[in-house]
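Participant: Quick one: the structure is below, questions incoming.
Right, dumping it as C-alpha cells:
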C-alpha cells in the first residue's frame, strides 16, 4: 500500500514536471518566434525567417 | 521498518524537484549546445540568402526591370553587422532551448512508460521534432524569404500552431501507438492541415526572384534537419547523464 501510494505520487510528480517544463518551452517558443512586439520582432527577425516561423 | 516509515511520511514535493530539475538541466544544456551550432550554420548558409533577398525587398535590386540583374551582387560580408548576428545567435539558442524543454518533457513521459531515451535513440526524437515543428508547417507555409507576399501574420500563426500540435500528436502515435488505428489517426492528423489549407495571400506581390526563395526554403529545411537531429541526440544524452547523476546523488 505504502509503495503503491509512493509510486502513484512519483508518477504524478513526473507528469506535473513534464507539463510545467513543456509549458515553459512553449512560452519561450512563442516569445522568440511569434510575439509581434516590434523590438522583439526586429531582434528575432532573421531567426524567425530561418526557422520557418510566420514572420510578418 | 524504519525506511518504510520514512517513505510513507514523505510528501510528494521532494519527488517533483529532482524530476523537474533533471528535465530543466538536460534541456538547457541540449538547447544551448544545439542552438549555438545551429546559429553558426544559419549565419553561414541561410543568412547570405536572406541578405540577398533583402536587396530586392528594399528595392535596391529590381527583378524583371529594364536590365538583367546579376545573380551575384556584392553582399555584406559575414559578421559585418555584429549586433544583428549576435541577436540572431541569442534568439536561436533561446528558440532551441524552448524546443528542448518540450522534447525532454516528452522524453520523461516516454521513459516513465518504459521507453528510455539516450543520445542514440535521441536522433529519432530529433527527426520526429523536425517533422512536427519544421517540416509539417513548412509543407504548406514554406519558409518565407523576406519580401514574399503572405496572408495576415496572426492567421498564419494560428494555422502554424494547430499544424505543429496535430503533427506532434501524430509523431507520438506513430512511435508509441502500436496499432493500425493509431497509424491511421496519425496519417489523418498529418494530412488534414494541408487539405484544409493555410491562410494564403490574395495576390502575389513578392519582388524577390523565385530562385532566391527556393534556395532559402531548401537551406532553412536543411539546417533545420541538422538542428533537430543534434537537439534530439543532445537532449537524449543529457537526459540519461542527468538521470545517472541524480541517482548517484540520491
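Residue numbers (the numbering used here), protein chains in the order written: chain A, 9 to 64; chain B, 2 to 251.
Even glycine gets a Cβ: it sits at the ideal position worked out from N, Cα and C.
For the stretch 40 to 57 of chain B, enumerate the residues whose C-beta is nearer than 7 Å to any C-beta of chain A, in chain order.
Facilitator: Residues 43, 47, 48, 51.
Participant: What first and last residue would you give for the alpha helix (DSSP H) that runs through residue 194/B?
Facilitator: On the second chain, residue 194/B is found 193 positions in, with the first residue counted as 1. From DSSP, the alpha helix (DSSP H) with residue 194/B extends over 181 to 197.
Participant: Given that residue 75/B touches chain A, what residues does it touch there, using C-beta distances under 9 Å?
Facilitator: For the purposes of this step, residue 75/B is identified with residue 74 of the second chain, where counting begins at 1. Simply none; closest approach about 19 Å.
Participant: How about the stretch 138 to 145 of chain B and the stretch 190 to 207 of chain B: do they share at least three Cβ pairs that are nearer than 8 Å?
Facilitator: Taking 8 Å as the limit for Cβ pairs, the verdict is that the stretch 190 to 207 of chain B does touch the stretch 138 to 145 of chain B.
Participant: Do residue 194/B and residue 57/B have their C-beta atoms within less than 9 Å of each other?
Facilitator: As a position in the second chain, residue 194/B is number 193, starting the count at 1. As a position in the second chain, residue 57/B is number 56, starting the count at 1. Going by C-beta atoms, residue 194/B is not nearer than 9 Å to residue 57/B.
Participant: Please work out which residues of its chain come closer than 6 Å, Cβ to Cβ, to residue 13/B, disregarding the five sequence neighbours upstream and downstream, and give them in chain order.
Facilitator: Here residue 13/B corresponds to residue number 12 of the second chain, with the count starting at 1. Because residue 13/B carries a pLDDT of 44, less than 50, the predicted location of this residue cannot be relied on, and the following value inherits that uncertainty. There are no such residues.
Participant: Leaving out five residues before and five after residue 244/B in sequence, what residues of the same chain have Cβ atoms less than 6 Å from its Cβ?
Facilitator: Start at 1 with the first residue of the second chain, and residue 244/B comes out as number 243. Within the same chain, residue 244/B has no close Cβ partners at all.
Participant: Would residue 52/A pass as an interface residue toward chain D - the criterion being a Cβ-Cβ separation below 9 Å?
Facilitator: Within the model displayed, chain D is absent; protein chains A and B are what it includes.
Participant: Ignore the nearest five residues each way along the sequence and tell me which others in residue 55/A's own chain have a CB closer than 6 Å to its CB.
Facilitator: Walking along the first chain from the start, residue 55/A turns up at place 47. Cβ within range, chain order: n/a, list empty.
Participant: Please confirm whether residue 124/B has its beta-carbon closer than 9 Å to some beta-carbon of chain A.
Facilitator: As a position in the second chain, residue 124/B is number 123, starting the count at 1. No, its Cβ sits nowhere closer than 9 Å to a Cβ of chain A.
Participant: Buried or exposed: where does residue 93/B fall if 16 or more other Cβ atoms within 10 Å of its Cβ makes it buried?
Facilitator: Residue 93/B sits at position 92 when you count from the first residue of the second chain. By the 10 Å Cβ count, residue 93/B comes out buried.
Participant: Looking at chain B, which residues of the stretch 20 to 34 of chain A have a Cβ within less than 9 Å of any of its Cβ atoms?
Facilitator: Going along the stretch 20 to 34 of chain A in chain order, one finds 20, 21, 22, 23, 24, 25, 26, 27, 28, 29, 30, 31, 32, 33, 34 with a Cβ nearer than 9 Å to chain B.
Participant: For residue 220/B, count neighbouring Cβ atoms within 10 angstroms of its own Cβ and tell me buried if that reaches 16, exposed if not.
Facilitator: Counting from one through the second chain, the residue named residue 220/B turns up at place 219. Buried, by the Cβ-count rule.
Participant: Can you pull the chain A neighbours of residue 95/B, defined as C-beta to C-beta under 7 Å?
Facilitator: The sequence position of residue 95/B within the second chain is 94, counting from 1. Result: 36, 40.
Participant: Quick one: which residues of the stretch 183 to 194 of chain B get their C-beta closer than 8 Å to a C-beta of chain A? List them in chain order.
Facilitator: Answer set for the stretch 183 to 194 of chain B: empty.
Participant: Can you tell me the Cα-Cα spacing of residue 227/B and residue 157/B, whole angstroms?
Facilitator: If you number the second chain from 1, residue 227/B lands on position 226. If you number the second chain from 1, residue 157/B lands on position 156. For residue 227/B and residue 157/B, the distance between alpha carbons rounds to 25 Å.
Participant: From residue 26/B to residue 34/A, what does the alpha carbon distance come to, in whole angstroms?
Facilitator: Residue numbering aside, residue 26/B sits at position 25 when the second chain is read from its first letter. Residue numbering aside, residue 34/A sits at position 26 when the first chain is read from its first letter. If I take the Cα positions, the gap works out to 17 Å.
Participant: Just checking: is the beta-carbon of residue 161/B within a distance shorter than 9 Å of some beta-carbon in chain A?
Facilitator: Residue 161/B sits at position 160 when you count from the first residue of the second chain. Yes, its Cβ sits closer than 9 Å to a Cβ of chain A.
Participant: In whole angstroms, what is the alpha-carbon distance linking residue 44/A and residue 249/B?
Facilitator: For the purposes of this step, residue 44/A is identified with residue 36 of the first chain, where counting begins at 1. For the purposes of this step, residue 249/B is identified with residue 248 of the second chain, where counting begins at 1. Cα to Cα, the separation comes out at about 45 Å.
Participant: According to the neighbour-count rule (16 or more other Cβ atoms, all chains shown, within 10 Å of its Cβ), is residue 145/B buried or exposed?
Facilitator: What you label residue 145/B is simply residue 144 of the second chain in a count that begins at 1. Flag for residue 145/B reads buried.
Participant: Would you tell me roughly how many angstroms separate the C-alpha atoms of residue 55/B and residue 47/B, rounded to the nearest one?
Facilitator: Within the second chain, the letter at position 54 stands for residue 55/B. Within the second chain, the letter at position 46 stands for residue 47/B. Cα to Cα, residue 55/B sits roughly 13 Å from residue 47/B.
Participant: Note down, in chain order, each residue of its chain lying with its Cβ closer than 6 Å to the Cβ of residue 218/B, except the 5 sequence neighbours on either side.
Facilitator: Reading the second chain from its first residue, position 217 is the one you call residue 218/B. So the list reads 143, 144, once near-sequence residues are dropped.
Participant: What does a CB cutoff of less than 6 Å around residue 102/B pick up in its chain, not counting 5 residues either side in sequence?
Facilitator: Stepping through the second chain from its first residue, residue 102/B is reached at position 101. 28, listed in sequence order.
Participant: What's the C-alpha gap between residue 30/A and residue 14/A?
Facilitator: Here residue 30/A refers to the residue found at position 22 when the first chain is read from its first residue. Here residue 14/A refers to the residue found at position 6 when the first chain is read from its first residue. About 24 Å.
Participant: From what residue to what residue does the alpha helix (DSSP H) around residue 159/B run?
Facilitator: To locate residue 159/B, count along the second chain from 1; it is residue 158. Segment 154 to 177, the alpha helix (DSSP H) holding residue 159/B.
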